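Working notes for the structure below.
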């Protein structure tokens, strides 16, 4: 029935002049053609459209067959596959490239989520053929095609493990490899214009640059790339990254300019894209990661840049990555920071660098990773990189960095870690030949006042600030034991009477208040348990506890008693260190 309708339409339309077909002719051609393809009559349909007498009709209406053709080709049925491929090939030869381009991109956009990869791999070759046929406005058409393709590729899950990448269940790796083949002739065309000295096609270069930048963002910024320099292995996503950087070089982009442009402030090219659109920050951060962590294209990268300059340039990229919450971005930020730091000599970063915005924002974001990231190995890595960054500062920079972190981190654990580092610096300075002006004498005292601080006086929450309080007490005890009163290299003995007033006495009051409060709570809880033991055993838990203004899940009385005992043990530990300090002070001030 459909074949008869199609034959009648073809015979009737052959007499139409100037291809002035009616709208109903297009509808009938599409309906009958679809039916022929779906009913298995693709062989007969191929014969009809290849007839020379049908050329004008196919040229005007043929692109309407793309939808049903793609659906059948995706099924890969052996009987209909050769004929459908023949139909598609003939349409590419006869139909208008512009109409084919629109029709093919529609099929890409409308692909079912389960067939995105298969659809893209099927249509890339036809799309390339159509684009190569275009004479004018090729660049904009190439850009439209690449944008549509990457939008669909970005919907595919990115493999997380090596096994997932090898299995390529969702086809992302296949699509990346196919995209490289698709874009190759256009890269060759753009590169040829640059190489032979003729006028380069800036519009085509612009579209290819956007393709590279989008690819760096998705999927490469999400990809878990392996970096085994001893046993380098080729993987699909790593190969894709290598080719993307190669394309950037071929279209005239200088890698150092890309990485360092925020410092070099290169003048924008007139008539090109706006700076932020042309060079997205996330994409440049991924580029820095590929170069310095994965060592892709490192062999052609100039080796003249000093490690300090490279670190300074990478700090903005590191900050971009660490400011996000996705595991892949945070992990790349930590790796890039670590690789940028290890090349820098210890104690060599001058204090002037702390005036740069990135040298303030990166540690703040690193603290968030260390304290808020739900992934343990990233928290652990963050702490290691944090210490590595401290080691690279010179003495004055360490001093001012510690002071800044004590004022801004707002986290007792981080503050306690900073205090521990301060103690290490003082210990080093007290050794013969290592004295310095920053961790001894007059400069040390303002820093110690920040360390020995109770924000709310005796009412400070000692449990919440446990890490900082304990490290501060241990530092003070160390100073009183290590620095002899008659030497007073740190100046601690000159400040001791003040420390007693603004720190030790309020801390003693706060400890007594906290212990009394928790002992009373413990007594009340035990008494309540004895009175209502039977009732509590038979009913649901009714006790609750609030920590840090957040109400914890209900606890049984036994659990609450355990928590209270733990708090009291903590206070006892704190009190033992405080008592030792008080003994030392009392012994020193006795006549």
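In my numbering, the protein residues as written are -2 to 588.
All C-beta atoms in this analysis are idealised placements derived from N, C-alpha and C, irrespective of residue type, glycine included.
All values derive from a computational prediction rather than experimental measurement.
Thinking C-beta only, is residue 308 closer than 8 angstroms to residue 280?
-> Here residue 280 is taken as the residue at index 283 of the chain shown, counted from 1. Here residue 308 is taken as the residue at index 311 of the chain shown, counted from 1. Result no, Cβ atoms of residue 280 and residue 308 do not sit closer than 8 angstroms.
Does the stretch 118 to 126 come close enough to the stretch 74 to 82 that 3 or more CB-CB pairs lie under 8 angstroms?
-> The answer is no - the stretch 118 to 126 does not touch the stretch 74 to 82, with fewer than three Cβ pairs under 8 angstroms.
Closest by C-alpha distance to residue 504, when choosing among 572, 555 and 468 | Your numbering for residue 504 matches position 507 in the chain shown. Nearest C-alpha to residue 504: 572.
Are the beta-carbon atoms belonging to residue 561 and residue 518 less than 8 angstroms from one another?
-> Taking the first residue of the chain shown as position 1, residue 561 is located at position 564. Taking the first residue of the chain shown as position 1, residue 518 is located at position 521. Yes.
Cα separation between residue 263 and residue 293?
-> In the chain shown, residue 263 corresponds to position 266, counting from 1. In the chain shown, residue 293 corresponds to position 296, counting from 1. Because the pLDDT at residue 263 is just 47, under 50, the model does not fix this residue reliably, and the point stays unresolved.
Starting from the Cα of residue 55, find the closest Cα among 89, 71, 72 and 68 and give me that residue.
-> Residue numbering aside, residue 55 sits at position 58 when the chain shown is read from its first letter. For the residues 89, 71, 72 and 68, the minimum Cα distance to residue 55 belongs to 89.
Which class does residue 346 belong to by DSSP, given the choice of helix, strand or coil?
-> Within the chain shown, the letter at position 349 stands for residue 346. Residue 346: strand per DSSP, three-state reduction.
Return the CA-CA distance between residue 589 and residue 36, expressed in angstroms with no decimal places.
-> Here the chain covers residues -2 to 588 and nothing more, so residue 589 does not appear.
Going by the CB atoms, is the gap between residue 205 and residue 239 shorter than 8 angstroms?
-> Translated into positions along the chain shown, residue 239 becomes position 242. Translated into positions along the chain shown, residue 205 becomes position 208. Contact flag unset, no.
Using 8 angstroms as the Cβ pair cut-off and three pairs as the minimum, do the stretch 339 to 353 and the stretch 379 to 391 touch?
-> yes
Classify residue 566 as buried or exposed, calling it buried when 16 or more other Cβ atoms lie within 10 Å of its own Cβ.
-> Sequence index remark: in the chain shown, residue 566 carries index 569 (1-based). By the neighbour-count rule (16 or more Cβ atoms within 10 Å), residue 566 is not buried but exposed.
Cα-Cα separation, residue 457 to residue 416 | As a first step, residue 457 must be located in the chain shown, where it is residue number 460. As a first step, residue 416 must be located in the chain shown, where it is residue number 419. Each residue's Cα considered, the two are about 18 angstroms apart.
Do you know offhand how far residue 488's Cα is from residue 508's?
-> The residue labelled residue 488 in the question sits at position 491 within the chain shown. The residue labelled residue 508 in the question sits at position 511 within the chain shown. C-alpha separation (whole angstroms): 27 angstroms.
Residues near residue 167 by beta carbon distance below 6 angstroms, same chain, minus five either side | Counting from one through the chain shown, the residue named residue 167 turns up at place 170. So the list reads 153 and 154, once near-sequence residues are dropped.
Can you tell me whether residue 585 is buried or exposed, with buried defined as 16 or more other CB within 10 angstroms of its CB?
-> In the chain shown, residue 585 corresponds to position 588, counting from 1. Residue 585 should be labelled exposed.
In angstroms with no decimal places, state the Cα-to-Cα distance between residue 275 and residue 375.
-> The count along the chain shown starts at 1 and reaches residue 275 at position 278. The count along the chain shown starts at 1 and reaches residue 375 at position 378. The alpha-carbon atoms of residue 275 and residue 375 are separated by roughly 31 angstroms.
Does the beta-carbon of residue 129 have 16 or more other beta-carbons within 10 angstroms, so that it is buried, or is it exposed?
-> Within the chain shown, residue 129 is the residue found at index 132, counting from 1. Residue 129 is exposed by the Cβ-count criterion.
Could you give the distance in angstroms between the alpha-carbon of residue 321 and the alpha-carbon of residue 71?
-> Within the chain shown, residue 321 is the residue found at index 324, counting from 1. Within the chain shown, residue 71 is the residue found at index 74, counting from 1. Answer to the nearest angstrom: the Cα atoms are 38 angstroms apart.
So, are the CB atoms of residue 62 and residue 84 less than 8 angstroms apart?
-> As a position in the chain shown, residue 62 is number 65, starting the count at 1. As a position in the chain shown, residue 84 is number 87, starting the count at 1. Cβ atoms of residue 62 and residue 84: closer than 8 angstroms.
Buried versus exposed call for residue 182 [16 or more other C-beta atoms within 10 Å across all chains shown] | Within the chain shown, numbered from 1, the residue matching residue 182 stands at position 185. It is exposed - the Cβ of residue 182 has fewer than 16 other Cβ atoms within 10 Å.
Please report how far the alpha carbon of residue 187 lies from the alpha carbon of residue 198, in whole angstroms.
-> Looking up residue 187 in the chain shown gives position 190. Looking up residue 198 in the chain shown gives position 201. Roughly 6 angstroms between the two C-alpha positions.
Given residue 208 as reference, the closest of 180, 189, 232 and 231 once Cα atoms are compared = Your numbering for residue 208 matches position 211 in the chain shown. Of the candidates 180, 189, 232 and 231, 180 places its Cα closest to the Cα of residue 208.
Under three-state DSSP, which class holds residue 298?
-> Taking the first residue of the chain shown as 1, we reach residue 298 at position 301. In this structure, residue 298 counts as coil in the three-state DSSP scheme.
Could you spell out the range, first to last residue, of the alpha helix (DSSP H) harbouring residue 69?
-> Here residue 69 is taken as the residue at index 72 of the chain shown, counted from 1. Here the alpha helix (DSSP H) through residue 69 covers 63 to 72.
Measure the beta-carbon distance from residue 501 to residue 579 and round it to whole angstroms, keeping in mind my assumption that it falls under 8 angstroms.
-> For the purposes of this step, residue 501 is identified with residue 504 of the chain shown, where counting begins at 1. For the purposes of this step, residue 579 is identified with residue 582 of the chain shown, where counting begins at 1. At roughly 7 angstroms, the Cβ-Cβ gap stays under 8 angstroms, so residue 501 and residue 579 are in contact.
May I ask you to list the residues that DSSP assigns as paired with residue 390?
-> Within the chain shown, residue 390 is the residue found at index 393, counting from 1. Answer is 346, bridged to residue 390.
Can you list, in chain order, the residues of its chain whose CB lies under 6 angstroms from that of residue 177, leaving out five sequence neighbours each side?
-> Here residue 177 refers to the residue found at position 180 of the chain shown. Result list for residue 177: 240, in chain order.
Residue span of the alpha helix (DSSP H) that contains residue 334, given as start and end = As a working mapping, residue 334 is identified with position 337 in the chain shown. First-last of the alpha helix (DSSP H) with residue 334: 324 to 339.
Same chain, Cβ closer than 7 angstroms to residue 270, five either side skipped, listed in chain order = Taking the chain shown and counting its residues from 1, the one referred to as residue 270 is at position 273. Only weak support is given to the placement of residue 270: the predicted model assigns it a pLDDT of 47, under 50, and the question is left unresolved by the model.
Backbone CA spacing between residue 49 and residue 91 [nearest angstrom] = For this step, residue 49 is matched to residue 52 along the chain shown. For this step, residue 91 is matched to residue 94 along the chain shown. The alpha-carbon atoms of residue 49 and residue 91 are separated by roughly 11 angstroms.
Do you know offhand how far residue 170's Cα is from residue 234's?
-> Numbered from 1 along the chain shown, position 173 holds the residue referred to as residue 170. Numbered from 1 along the chain shown, position 237 holds the residue referred to as residue 234. When rounded, the distance between both Cα atoms is 6 angstroms.
In the DSSP assignment, find the alpha helix (DSSP H) that holds residue 289 and state where it starts and stops.
-> Counting from one through the chain shown, the residue named residue 289 turns up at place 292. That run of the alpha helix (DSSP H) goes 278 to 289.
Over the uninterrupted alpha helix (DSSP H) stretch that includes residue 455, give me the two end residues.
-> Within the chain shown, the letter at position 458 stands for residue 455. Here residue 455 belongs to no alpha helix (DSSP H), and DSSP marks it neither H nor E.
Would you grab the beta carbon distance between residue 413 and residue 468 for me? Rounded to a whole angstrom, and I think it's under 8 angstroms.
-> Position 416 of the chain shown, counted from the start, is the residue given in the question as residue 413. Position 471 of the chain shown, counted from the start, is the residue given in the question as residue 468. Correct: roughly 4 angstroms between the Cβ atoms.
Please classify residue 509: does DSSP put it in a helix, a strand, or coil?
-> Against the chain shown, residue 509 aligns to sequence position 512. Residue 509 falls in the helix class under three-state DSSP.
Going by C-alpha distance, which of 149, 159, 471 and 157 is nearest residue 212?
-> Looking up residue 212 in the chain shown gives position 215. Comparing Cα positions, the closest option is 149.
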